[in-house]
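Residue 208 in full-length UniProt numbering sits at position 208 of the sequence shown, with consecutive numbering throughout.
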Amino acid sequence: MDLNAARMSTLSLILAGGRGSRLKDLTDHRSKPAVPIAGKYKIIDFPLSNCINSGMRKIAVLTQYRSHTLNQHVQRGWNFLRSDFNEFIELWPAQQQTGEDWYRGTADAVYQNFKMIDELNSEYILILAGDHVYRQDYSVMLQEHIQNNADVTVACIEVPVKEADQFGIMHVDEDDNIISFEEKPNNPPTMPGNPEVSLASMGIYIFSTKFLRDNLMNDAQDRQSSHDFGKDLIPMFVGRSKIKAHYFANSCIPNESYPESPYWRDVGTLTAFWESNMDLTKLVPELDLYDESWPIRTAQYQRPAAKFNYNYEERIGTALNSVVSAGCIVSGSTVEQSILFNNVRVNSYSYVKRSVILPGCDIGRHCQLTNVIVDSDTKLPPNIIIGEDPIADAERFYRNEDGIVLVTQKMIDKLPQTE
């Protein structure tokens, strides 16, 4: 089978039902894939864009937790494929299709939808997480899978050993066969010859459809299983099936300024989320969103251009080393090394530094923000100072161990009226 035919015979499943509880209040009213990122996007836009750019045009987004925002985004921004060409991006909500349980794990989410999967007669299934930020050509991984005649191919990336306990860690032989797999080990094994690095699963898998169907049916009957790919199925395949590793460096979309650093981020914590957005304020970010050969798409709305008002001695609307999105107004205030998402207003005499301001926020006059994440549609009252006093920040808002402060409208509403 040639590559074009293989693409047409591949069904991409994006697992987008997770809450992402480590993002704290950011996921109180939305699922993790629906969290805004990079000024104008949502996290789900990255795997969706990778699919389209890779030529994968049969896509299902599996949803569960608080999915309204995600459903709305996909319906409004990703409805451009041609059904008469057998192309689609569909939302598959949890429907209890195999019993009374909702999705019990990543593998169970796929199992519960296998009736619809079988109706599509796809030869290969690409499984993706809906909550990672990266650029990858999945067709390269698919081609390897076919050439190796593999049952399953697992995308992997080198990670520092100090971070390896957050991932599934694997060992491979000289032919890239996976010979061991441990999910989030306490003492992560390292790569041969490099004790500082471990080989981590990215949560990206390609399966031959029949192989996956048979194994999911067996897993569904196993009462001891947690029905998760990383915890149960992938370790079970080792030594029993042809399971191959695919190195992300071979299929990532390179950034010429960082040729040795393939960009992939799990933005599952507030610090990781903040750092990923701060990276975009650099002169040359690691994540290249200006690469027209691999565009990241999103829902597009008609908004005016960003505007900067006033040019008086202490009232100059300016942004330095920052990303300012459409619809923003910086009115007599200073924004430094920050990212303003769509439709943010920063009012006079305020100073915003190293902060992430999500869509629709209004920063009152005389505010000072440092190392802050402000959730969507939050209205900050005048004269509020955040990021200078750790004790006060922790009492009023959520402050993590790295000093990143999360502010939501619910937190603002609880402040004394004199704040």
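Ideal Cβ placement from N, Cα and C applies to all residues, glycine included. On a predicted model such as this, the values are computed, not experimentally measured, just so you know.
In three-state terms, what does DSSP make of residue i?
| i | result |
| --- | --- |
| Y138 | helix |
| Y247 | strand |
| residue 420 | Since the first and last residues shown for the chain are 1 and 419, residue 420 lies out of range. |
| P185 | coil |
| P262 | coil |
| S49 | helix |
| G230 | helix |
| L23 | helix |
| A202 | The sequence given here has Met at residue 202, not Ala. It is a strand residue. |
| R399 | strand |
| V324 | strand |
| residue 427 | In the structure as shown, the chain starts at 1 and stops at 419, and residue 427 therefore has no counterpart that could be examined. |
| L369 | strand |
| I412 | helix |
| A334 | The sequence as given places Thr at residue 334; Ala does not occur at that position. DSSP places T334 in strand when its eight states are reduced to three. |
| R7 | helix |
| R76 | helix |
| R213 | helix |
| S31 | coil |
| N71 | helix |
| W92 | strand |
| E163 | helix |
Since I believe residue j is in contact with residue i (beta carbons under 8 Å), could you give me their beta-carbon distance rounded to a whole number of angstroms?
| i | j | result |
| --- | --- | --- |
| L15 | G130 | 6 Å |
| Y134 | F46 | 6 Å |
| N311 | S331 | 11 Å between Cβ atoms; not a contact. |
| P390 | R396 | About 11 Å; that fails the 8 Å criterion. |
| E183 | K231 | 5 Å |
| K40 | F248 | Not quite, the Cβ-Cβ distance comes to about 25 Å (not below 8 Å), so this is no contact. |
Could you check whether residue j and residue i sit closer than 9 Å to each other, using their CB atoms as the reference points?
| i | j | result |
| --- | --- | --- |
| L216 | Y111 | yes |
| V356 | S325 | no |
| A38 | L283 | no |
| E119 | T209 | no |
| I178 | P262 | no |
| A245 | V154 | yes |
| V407 | D375 | yes |
| K32 | I43 | yes |
| A94 | H227 | no |
| G17 | A109 | yes |
| L358 | C367 | no |
| I385 | W274 | no |
| S54 | D137 | yes |
| G49 | I296 | A quick correction: the sequence has Ser, not Gly, at residue 49. Yes; because the gap between Cβ atoms is below 9 Å, this pair is in contact. |
Run through the DSSP bridge pairs and tell me what residue i is partnered with.
| i | result |
| --- | --- |
| V374 | I357 and V407 |
| G168 | E183 |
| D279 | Answer is none; D279 lacks a bridge partner. |
| D362 | R345 and K379 |
| N177 | K244 |
| V152 | F207 and I243 |
| Y351 | T334 and Q368 |
| N194 | M191 |
Please find out if some non-hydrogen atom of the ligand COA comes closer than 8 Å to the beta-carbon of residue i.
| i | result |
| --- | --- |
| F85 | In the structure shown, the ligand COA is absent, as is every other ligand, since no ligand is present at all. |
Problem - Stretch pair the stretch 13–33 + the stretch 147–165: three plus CB contacts closer than 8 Å - result: no
Handout entry: Three CB pairs or more closer than 8 Å across the stretch 268–276 and the stretch 135–152
Key = no
Handout entry: Inter-stretch contact (C-beta, 8 Å, three-pair minimum) for the stretch 61–71 and the stretch 309–323
Key = no
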